[in-house]
Amino acid sequence: MRDKPNIVVIGTGGTIAGRGESAANTSAYECSVLTIDEILAAIPETAPLANLRTEQLLQIGSENFDNGHLLKIGKRVSEVLKDDSVDGVILTHGTDTIEETAYFLHLTLKSPKPVVVVGSMRPPSAMSSDASLNLYDAISVAIHPDSRGKGTLVVANEEIHTARDVMKTNSFKLEAFRSPYGALGYVVEGQPRYYRAPSRDHTMKTEWSIDELHALPKVDIVYAYGALDEDVVGSVASDARGLIFAGTGNGNVAERIVAPLRAATRDGLHVVRASRTGNGVVIRNGAQPDDDYDWLVVDDQAPQKARILLMLAMSSHPHERSALQAAFYRY
Ligand code: ASP
Numbered sequence: 476m477r478d479k480p481n482i483v484v485i486g487t488g489g490t491i492a493g494r495g496e497s498a499a500n501t502s503a504y505e506c507s508v509l510t511i512d513e514i515l516a517a518i519p520e521t522a523p524l525a526n527l528r529t530e531q532l533l534q535i536g537s538e539n540f541d542n543g544h545l546l547k548i549g550k551r552v553s554e555v556l557k558d559d560s561v562d563g564v565i566l567t568h569g570t571d572t573i574e575e576t577a578y579f580l581h582l583t584l585k586s587p588k589p590v591v592v593v594g595s596m597r598p599p600s601a602m603s604s605d606a607s608l609n610l611y612d613a614i615s616v617a618i619h620p621d622s623r624g625k626g627t628l629v630v631a632n633e634e635i636h637t638a639r640d641v642m643k644t645n646s647f648k649l650e651a652f653r654s655p656y657g658a659l660g661y662v663v664e665g666q667p668r669y670y671r672a673p674s675r676d677h678t679m680k681t682e683w684s685i686d687e688l689h690a691l692p693k694v695d696i697v698y699a700y701g702a703l704d705e706d707v708v709g710s711v712a713s714d715a716r717g718l719i720f721a722g723t724g725n726g727n728v729a730e731r732i733v734a735p736l737r738a739a740t741r742d743g744l745h746v747v748r749a750s751r752t753g754n755g756v757v758i759r760n761g762a763q764p765d766d767d768y769d770w771l772v773v774d775d776q777a778p779q780k781a782r783i784l785l786m787l788a789m790s791s792h793p794h795e796r797s798a799l800q801a802a803f804y805r806y
């Protein structure tokens, strides 16, 4: 019998691996310098919780991540999860794009074991850093039986969020992470307390497995604003296969942008109307006749989440627009 759960902690960099010149540097510091072993060594309270095995997979700020990094992380986490002696995985990650990587894992891993992605808003060297508590809480969540089968989780500021919903909503404050429908639960004195479970399909119930994904189709995001020029659609990368239009309000598209977007659709680009508000739904055939234009809409996915989902949906249905639309309502 095991004395404690076996947890693998994979480091990828970010502020949680950062170091400032002085303890007063809460927002200006060098990112991705501490190894995962150095980060954990500074939190001796974690040792009694679990047998921790560490791996340094990457050492970069998450603003630099591309699709290659997503695949690399996903494949490594999947491999680790297949080891019968491993009970759960923690991924330390920069907070900038934590919500994208976590959602990608949530949709592509094929395991009920807990996977917890964690970062921090202040480096371990700063006054009132959240690094130690966030990582301690992440371990508490990863070893808890109630965390099984909930997909990928993001732990921050004593809250447990589902990867589907969580977003970084503040550039420097500790309470930066929000889910539109609220967190799944809290971590109180190292004890997870769940109040809700994810309702949309994830992990075991999705059509994608990270082990079978070798490349992802390119999807770009265009952000709408008052004076957005029609040329912007032409500036989308020529190898892009999908375009998330982060429209104003309910996925609205300025009149002058409609023709270029329709032309791009006719050329084979999948156009998805999303909302730059980051909250709420986009109504199909509401502000625009999506059926007539052969456009797609998100359900409630924010543009950066919609990009992840569209890439995956296109990997199994490159041309079938009804299947792509269905993915937004299912996941
Ligand atoms: N730029 C950092 C990153 O995303 C910010 C952070 O970790 O908080 O890697």
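Throughout the sequence shown, residue numbering follows the working numbering, covering 476 to 806 in sequence. All C-beta atoms in this analysis are idealised placements derived from N, C-alpha and C, irrespective of residue type, glycine included.
From SER604, ILE518 and ILE511, pick the residue whose C-alpha is nearest to that of THR487; which is it? ILE511
Along the chain, where does the alpha helix (DSSP H) that runs through THR723 open and close? It is not in any alpha helix (DSSP H) - THR723 carries neither H nor E in the DSSP assignment.
Answer yes or no: do GLY489 and SER553 have a C-beta to C-beta separation smaller than 8 Å? no
As a quick exercise: from HIS745, LEU787 and ARG751, pick the residue whose alpha carbon is nearest that of TYR768. HIS745
As an exercise, report each continuous alpha helix (DSSP H) stretch of at least 4 residues that is fully enclosed by the stretch 507 to 578, in chain order. 511 to 516 and 542 to 556
GLY536: CB within 7 Å of a non-hydrogen atom of the ligand ASP: yes
First through last residue of the alpha helix (DSSP H) which encompasses THR740: 730 to 741
Between the CA atoms of SER497 and LEU787 - distance to the nearest angstrom: 43 Å
What are the boundary residues of the beta strand (DSSP E) that includes SER615? Element bounds for SER615: not the beta strand (DSSP E) but the alpha helix (DSSP H), 606 to 617.
Would you kindly report the start and end of the unbroken beta strand (DSSP E) that includes PRO667? 666 to 669
Scan the stretch 625 to 709 and note each continuous alpha helix (DSSP H) run of 4 residues or more that stays entirely inside, going in chain order. 706 to 709
Hey, out of GLY724, ASP695 and ASP612, whose CA is closest to ALA631's CA? ASP612
In chain order, what residues of the same chain have a beta carbon less than 7 Å from the beta carbon of GLN763, not counting five sequence neighbours either side? VAL728, ARG748 and TRP770
Compare the beta carbon distance of GLY624 and THR637 with 8 Å and say whether it is the shorter of the two. no
When the Cα atoms are used, what is the spatial distance from ASN754 to SER791? 27 Å
Between which two residues does the alpha helix (DSSP H) containing ILE491 stretch? Counting along the chain, ILE491 falls outside any alpha helix (DSSP H), and DSSP gives it neither H nor E.
Smallest Cα separation from MET596: which of ASP706, PRO589, LYS588 and SER607? SER607
SER560 to LYS479, Cα distance in whole Å? 11 Å
Would the C-beta of THR681 count as close to the ligand ASP, meaning under 7 Å from any of its heavy atoms? no
Opposite HIS745 in the DSSP bridges: which residues? GLY717
With a CB to CB cut of under 6 Å and the five nearest residues on each side skipped, what residues in its chain are close to GLY665? SER615
What do you reckon, is the C-beta of GLY486 under 7 Å from a heavy atom of the ligand ASP? no
Could you name the residues of the same chain whose beta carbon sits closer than 8 Å to that of ALA651, not counting the 5 residues immediately before and after it, in chain order? THR570, MET596, ALA631, ASN632, LYS643, THR644 and ASN645
Is there contact here, the stretch 518 to 536 with the stretch 678 to 688, by at least three beta-carbon pairs under 8 Å? no
Would DSSP call LEU584 helix, strand or coil? coil
For the beta strand (DSSP E) containing VAL773, name the first residue and the last one. Counting along the chain, VAL773 falls outside any beta strand (DSSP E), and DSSP gives it neither H nor E.
Which residues bound the alpha helix (DSSP H) around MET786? 778 to 791
Exposed or buried, TYR431, counting other C-beta atoms within 10 Å across all chains shown (16 or more means buried)? One cannot answer for residue 431 here, as it falls past the ends of the chain, which runs 476 to 806.
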